[in-house]
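Asks:
There are 2 protein chains.
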Amino acid sequence: MNEREFLENYDPRAFEPLAVTVDVVTLTIREGRLKVLLVERGEPPFAGRRALPGGFVRDDDLDNAARRELAEETGLLPRVHLEQLASFGDPGRDPRMRVVSVAYLAFGPSLADPVAGGDAATALWADVDAAGPLAFDHDRILAAGLERARSKLEYTPLATAFVGDEFTISELRSVYAAVWGEDLHAGNFHRKVLSVPGFVESTGATTERSSQRGGPRARLYRAGDARILHPALLRPAREEEVR
Amino acid sequence: MNEREFLENYDPRAFEPLAVTVDVVTLTIREGRLKVLLVERGEPPFAGRRALPGGFVRDDDLDNAARRELAEETGLLPRVHLEQLASFGDPGRDPRMRVVSVAYLAFGPSLADPVAGGDAATALWADVDAAGPLAFDHDRILAAGLERARSKLEYTPLATAFVGDEFTISELRSVYAAVWGEDLHAGNFHRKVLSVPGFVESTGATTERSSQRGGPRARLYRAGDARILHPALLRPAREEEVR
DNA sequence: GCAAAAGTGTTACCTGTACACCCATGC
DNA sequence: GCATGGGTGTACAGGTAACACTTTTGC
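Chains H and F are the protein sequences, given in the same order. What the first sequence shows, in this note's numbering, is residues 3 to 245, in sequence order. What the second sequence shows, in this note's numbering, is residues 3 to 245, in sequence order.
(1) Is H:A88 close to chain F, meaning its C-beta is less than 8 Å from at least one C-beta of that chain?
(2) Helix, strand or coil for F:R224 per DSSP?
(3) Under the three-state reduction of DSSP, which class applies to H:H83: helix, strand or coil?
(4) Counting pairs of Cβ atoms below 8 Å between the region 91-106 of chain H and the region 128-147 of chain H, do you hit three or more?
(5) Start and end of the alpha helix (DSSP H) containing H:I230?
(6) For H:G57, which option in H:G44, H:F48, H:E71 and H:G134 has the closest C-alpha, if you only look at C-alpha atoms?
(7) Please state if the CB of F:T124 and the CB of F:V41 are separated by a distance shorter than 8 Å.
(8) Between H:V195 and chain F, is there a C-beta pair that is closer than 8 Å?
(9) Look up H:E203 in the DSSP assignment and give the residues it is bridged to.
(10) How do the region 61-69 of chain F and the region 80-98 of chain H stand: do at least 3 beta-carbon pairs fall below 8 Å, yes or no?
(11) F:Y223 to F:G200, Cα distance in whole Å?
(12) Is the beta carbon of F:I31 closer than 8 Å to that of F:A257?
(13) List the residues of chain F whose Cβ lies closer than 8 Å to the Cβ of H:P93, in chain order.
(14) Determine the chain F residues that contact H:L20 at a beta-carbon separation under 8 Å, and present them in chain order.
(15) Which residues of chain H have a Cβ atom closer than 8 Å to the Cβ of F:V41, listed in chain order?
(16) Does the distance from the CB of H:A133 to the CB of H:R52 come in under 8 Å?
(17) Which runs of the alpha helix (DSSP H) fall wholly inside the region 119-163 of chain H and span at least 4 residues, in chain order?
(18) Would you mind stating whether F:P159 and F:A234 have Cβ atoms separated by less than 8 Å?
(19) Could you tell me the boundaries of the beta strand (DSSP E) in which F:L54 lies?
(20) Run the CB neighbour count on F:L236, radius 10 Å, all protein chains shown included, and call it buried at 16 or more, exposed below.
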């Protein structure tokens, strides 16, 4: 291949038009259940269907594009953990043209209701088990995000991104219960969290007037400096997942 | 936003030209060491520098684009495990124009020498510790691929993708040693591999005339049907990684 | 015989799990 | 007192790590 052919091949306009978008799977916990942030599409295709918030990549890098979309379409921004999930580029995933989507995964503590803006007609928190069917291939993207979140709870302190700056071990346990969809033994969970170095550190304080019906005041903790949990908090193994 | 504005925004030609490429981190084991497949660039920018094989996304989906690149540029194809790694889209990562790269990770057993083809002037297997500096941001992509590979050896039967259809436990151990960069205790490794359900299954046969200097004939195994390893084979924890 | 590598036995230790239990508090 | 939930003790099961040891082959 000579120089001329090389540069021709390098021009994307020589190929089928191709767009790059970011779509964001934003998870939080509300009412003890895991919720995902969705928007309702106002335009075809899939008008009226729910979809993940997203938009086109412009001049900024991919991470910033995801952060911008989250802010523009929903008004959410502060204190969200954001990471890249995967890319989806099947031809035909958007009926209009070839679109490659870089999906992102975001976690945040329960905040105010989302504010619709940008392209989004309305924005809402939906239960993850009752979210679909979504527009495009967003069901698949959501499923990938959920699996990633469930897995990362095991070996990273990600759960602390779902709670406030100060939290009780019980609040942390309810995060695990909501994301994994199963209850955890309170006593063992408590001991295990405290035994992982750098996961949480005590503030010395306790909850003030507890909103609970009874019981002692729980001690308050903040996130520690560990980036990975060792030893990990493993989900109870399910037989069908092993083989 | 009305329909007209919407469609305008939807046209990628209204924005900065944007290309999508796939770049592939292909790993194998040769001479007991972990190697990565590289090509030597014939054209600027970075002419003469090594780079990951890759190319533009055309009509096929991303997975197929990665498979095609691997075949075109290197002549390798059969029996490679291929999975998406991550996407890289920083503005300026390619000095010519905006390029979003979807990186893939491939593993295969040691095969014939790669065949240069397509854009690649030459293709070669390089030691992973002596691969860089690579063109573009490929050092970063390679680092991401290595970390993914090291991590996946722990909880998936990925190591079996580095060996032939039938293999000995020792061969499998040498895969772990090469990828993790540390020796493992032969006896304990042996017992552990056999204790994980579905990791390997015996063929009943043994090695014929062993090429080794002495010792008994090793039994042969093939990959089992487990998709995840339970319990996992954890790397020895390093203190600096914990916090 | 000797060296090398496969494979096994044994033991000490460590972690996760289950379950019982105590304690502090609100009502 | 009694219910509720935070927090701890303890015993058992299972996995890990270290190390010695036996077995089988090539030279």
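C-beta atoms are modelled at their ideal positions from N, C-alpha and C, and glycine is treated no differently. Computed from a predicted model, the values in this text were never measured in an experiment.
Replies: In terms of the structure at hand:
(1) yes
(2) strand
(3) strand
(4) yes
(5) Segment: none, H:I230 is in no alpha helix (DSSP H) and carries neither H nor E.
(6) H:E71
(7) yes
(8) no
(9) H:R224
(10) yes
(11) 11 Å
(12) Only positions 3 to 245 of chain F appear in the structure, and residue 257 of chain F is not among them; the question remains open.
(13) D61, D62 and D63
(14) P14, L20, A21, V22 and V59
(15) Near F:V41 there are no residues of chain H at all, since even the closest Cβ is about 13 Å away, more than 8 Å.
(16) yes
(17) 140-157
(18) no
(19) F:L54 -> no beta strand (DSSP E), and no H or E assigned at all.
(20) exposed
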